[in-house]
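Novice: Residue numbers (our numbering): 345 to 730.
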Amino acid sequence: MSAIPDPANPMPDPVARPDNFESFRDAAVAVRETPLREACEDVVHLLHREELLPSVPAGRPDTGPSHVFEAEEADFEDLSTDLVDARDQHVQSPGVAKLLPVLLAAPGYPLETVWINTNIPATVSQLCSDIKATGSGLLAEIGDTLTPTHPQLEIGLASFVVTPPWFPEANLATILIDARAVQGSVFAVVLSYPTCLDEIRRAVGFLSVAAHEVYAAGDSDPLPSGRPIPLQSGVLVKLLPPDRTPLWASPPAFALWHPYTWPAGASIPPKGYGLRALLLHHSGKYILDNFSDDDWANLNNVARLVGAPLAELSVEPAGQDDLYPYVYHGPSQSVLMSISYASIKGISSVISSCSICSSRPPMVGILLCVEVSGEARDMTLCMGKF
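#1: Among Gln576, Pro454, Val526, which residue has its Cα nearest to the Cα of Ala517?
#2: Could you compute how far the alpha carbon of Thr457 sits from the alpha carbon of Val446?
#3: Can at least three beta-carbon pairs, one atom from the segment 564 to 578 and one from the segment 464 to 475, be found at a separation below 8 Å?
#4: Pop quiz: Pro613 and Ala502 are said to be a contact at Cβ under 8 Å. What is the actual Cβ separation, rounded to whole angstroms?
#5: Just verifying my parser: in three-state terms, what is the DSSP assignment at Thr457?
#6: Can you list, in chain order, the residues of its chain whose CB lies under 6 Å from that of Gly487, leaving out five sequence neighbours each side?
#7: Can you tell me where the beta strand (DSSP E) holding Val440 begins and where it ends?
#8: Taking the alpha carbon of Tyr559 as the reference point, which residue from Pro572, Leu580, Thr539, Arg546 has its own alpha carbon closest?
#9: Please tell me whether Gly287 and Thr605 are closer than 9 Å, where the distance is taken between their beta carbons.
#10: Is Asn645 helix, strand or coil by DSSP?
#11: Return the CA-CA distance between Leu444 and Trp459, expressed in angstroms with no decimal places.
#12: Using a 10 Å radius around the Cβ and a threshold of 16 neighbouring Cβ atoms, would you call Ser469 buried or exposed?
#13: DSSP on Pro509, reduced to helix/strand/coil?
#14: Tell me which same chain residues have a C-beta within less than 6 Å of the C-beta of Ala441, skipping the five on either side of it?
#15: Using C-beta distances below 8 Å, list every residue in its chain close to Lys476, excluding the 5 sequence neighbours before and after it, in chain order.
#16: Evaluate Asp522 with the Cβ neighbour count: other Cβ atoms within 10 Å of its Cβ, from every protein chain shown; 16 or more gives buried, anything less gives exposed.
#17: How big is the Cα-Cα spacing for Gly528 and Trp601?
#18: Looking at the secondary structure, which residues open and close the beta strand (DSSP E) in which Asp522 lies?
#19: In three-state DSSP terms, what is Ala610?
#20: Taking its Cβ as the centre, do 16 or more other Cβ atoms sit within 10 Å of Thr589, making it buried, or is it exposed?
#21: Look up Val533 in the DSSP assignment and say whether it is helix, strand or coil.
#22: Between which two residues does the alpha helix (DSSP H) harbouring Ala560 extend?
#23: Express the C-alpha separation of Ala514 and Ala449 in angstroms, rounding to a whole number.
#24: How far does the beta strand (DSSP E) with Val526 in it extend, from its first residue to its last?
#25: Tell whether a beta-carbon distance below 9 Å holds between Gly578 and Phe531.
#26: So, Pro585 versus Val526, is the Cβ gap smaller than 9 Å?
#27: Could you pull out every residue in the same chain whose Cβ sits closer than 8 Å to the Cβ of Asn644, ignoring the five residues on either side in sequence?
#28: Taking the straight line between their C-alpha atoms, what separation do you get for Ala555 and Cys540?
#29: My output table needs one value for Pro603: the three-state DSSP class, helix, strand or coil.
#30: Quick one: measure Cβ to Cβ for Ala647 and Gln496, integer angstroms, because I've assumed they're closer than 8 Å.
#31: Return the first residue and the last residue of the beta strand (DSSP E) that Val548 is part of.
#32: Between Glu543 and Trp592, what straight-line distance do the alpha-carbon atoms span, to the nearest angstrom?
#33: Does DSSP put Ser469 in a helix, in a strand, or in coil?
#34: Quick check: the Cα distance between Val534 and Arg545, rounded to an integer number of angstroms?
#35: Under three-state DSSP, which class holds Ile486?
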């Protein structure tokens with residue numbers, strides 16, 4: 345008995361069932377793949393936060409929760425567009441106002457101190473521009489090549505060396521010598537590049553001062569002897585007694601970024617151009633830093649310096665006319681000393697009366713020592729024998 349078909353409720357067509365199943369499967373796959381596609385788009389979106397939100401594809405189904413999530417994410421992105429990475433940005437605020445002392449040193453010239461008003465943090469190039477704007481006479485006479493010392497001379501004191509612009513082409517370097525622990529002065533010397541420990545000691549002139557070691561550029565070990573040392577312009581060299589640990593200040597680039605590295609009352613070294621004498625003794629060369637017009641004080645200071653009895657020392661005034669052609673005619677003072685036999689009249693300074701250290705050595709020729717920079721750079725000339 346066959347069923348009578350009902351026109352109001354027709355039976356499903358057997359041929360159409362596979363089509364309905366395929367459409368259901370496609371819809372299920374589309375629903376399952378939509379969150380995965382959205383997750384991938386979210387990852388790409390987070391990796392490129394600076395870009396705008398990607399537009400929704402035309403054929404993409406619009407589901408309720410996904411649409412709400414994208415709207416909230418879009419609002420979050422709008423609020424975070426002003427966020428930046430502080431590690432890649434300079435400070436936009438004015439910073440801390442500081443009055444910085446800046447020490448300028450040049451070979452053969454007195455030390456010069458200028459005061460710069462700046463805001464910390466700052467840069468080395470900005471500080472150099474401020475120094476040049478002061479119109480320092482040292483820059484006008486030598487050149488405007490400023491090199492910051494590495495490290496600084498003191499905490500709270502910026503230090504620079506001033507050199508002519510042609511020094512690098514001539515393989516010359518200017519370094520800052522901190523000899524306050526040995527002789528009490530700070531000055532600049534010219535060295536060849538590369539240099540060696542013997543050249544540094546000859547340029548400094550402290551061959552016979554109290555025993556000392558030479559340190560450079562923040563190193564905790566003394567400079568070795570007998571090997572080339574590549575010291576560039578601006579390197580700070582310290583002379584310390586043996587078995588001392590050097591204390592170094594911070595580099596200028598670091599110090600200009602931190603206000604606490606600029607305390608008030610920094611120790612500024614003097615110009616170091618009080619009258620001083622370069623002495624030649626049979627035991628070596630000495631520098632009398634505290635020379636004055638008191639002969640008795642000069643004798644005692646010389647005796648302590650050379651380690652000789654006071655009875656073996658003699659002081660005689662200088663003959664200026666004989667030594668004037670050998671004096672360095674420059675902006676700095678020059679002091680001439682010689683060692684001679686006691687019966688020979690001594691020769692001394694052309695600036696003022698100075699002392700001659702003689703402890704009755706064997707008969708030797710007169711040695712003329714010219715201090716060309718006022719800061720213990722000297723050259724010794726043999727003038728002849730008697």
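Positions of the beta carbon are idealized from the N, C-alpha and C atoms, including for glycine.
Specialist: So, to answer that:
#1: The closest CA to that of Ala517, considering only Gln576, Pro454, Val526, is found on Gln576.
#2: Cα to Cα, Thr457 sits roughly 6 Å from Val446.
#3: At 8 Å Cβ cutoff, the stretches do not touch.
#4: Between Pro613 and Ala502 the beta-carbon gap is near 13 Å, outside 8 Å, which marks them as no contact.
#5: It is a strand residue.
#6: Excluding residues within five positions, the ones whose Cβ falls inside 6 Å are Pro508, Pro509.
#7: Val440 -> beta strand (DSSP E) spans 440 to 449.
#8: The shortest C-alpha separation from Tyr559 is found at Leu580.
#9: This structure leaves residue 287 out entirely; the chain is present only between 345 and 730.
#10: Asn645: helix per DSSP, three-state reduction.
#11: Near 6 Å, if we compare the C-alpha coordinates of Trp459 and Leu444.
#12: By the neighbour-count criterion, in which 16 or more other beta carbons inside 10 Å mark a residue as buried, Ser469 falls on the exposed side.
#13: Pro509 falls in the coil class under three-state DSSP.
#14: Around Ala441: Asn463.
#15: The beta carbon of Lys476 is closer than 8 Å to those of Leu483, Asp488, Leu490 in its chain, skipping five residues each way along the sequence.
#16: The Cβ neighbour count for Asp522, taken over all protein chains shown within 10 Å, is at least 16; the residue is labelled buried.
#17: For the pair Gly528 and Trp601, the Cα-to-Cα distance works out to about 30 Å.
#18: According to the DSSP assignment, Asp522 belongs to the beta strand (DSSP E) that extends over 516 to 522.
#19: Here Ala610 sits in coil by DSSP.
#20: By the neighbour-count rule (16 or more Cβ atoms within 10 Å), Thr589 is not buried but exposed.
#21: In the structure shown, Val533 sits in a strand (DSSP, three-state: E or B).
#22: Element bounds for Ala560: not the alpha helix (DSSP H) but the beta strand (DSSP E), 557 to 560.
#23: Those two C-alpha atoms are separated by around 20 Å.
#24: Taken as a continuous stretch (DSSP letters only), Val526 belongs to no beta strand (DSSP E), as it is neither H nor E.
#25: In this structure, Phe531 does not lie closer than 9 Å to Gly578 by Cβ.
#26: Cβ distance < 9 Å, so Pro585 and Val526 count as in contact.
#27: Same-chain partners within the cutoff: Leu654.
#28: Each residue's Cα considered, the two are about 18 Å apart.
#29: Here Pro603 sits in helix by DSSP.
#30: That belief does not hold up - the Cβ atoms of Ala647 and Gln496 are roughly 37 Å apart, past 8 Å.
#31: Looking at the DSSP string, Val548 is not in any beta strand (DSSP E); the run it does join, the alpha helix (DSSP H), is 541 to 548.
#32: Spanning the two alpha carbons is a distance of roughly 23 Å.
#33: The answer is helix: DSSP assigns Ser469 an H, G or I state.
#34: So the two alpha carbons sit approximately 12 Å from each other.
#35: Three-state DSSP puts Ile486 in a helix.
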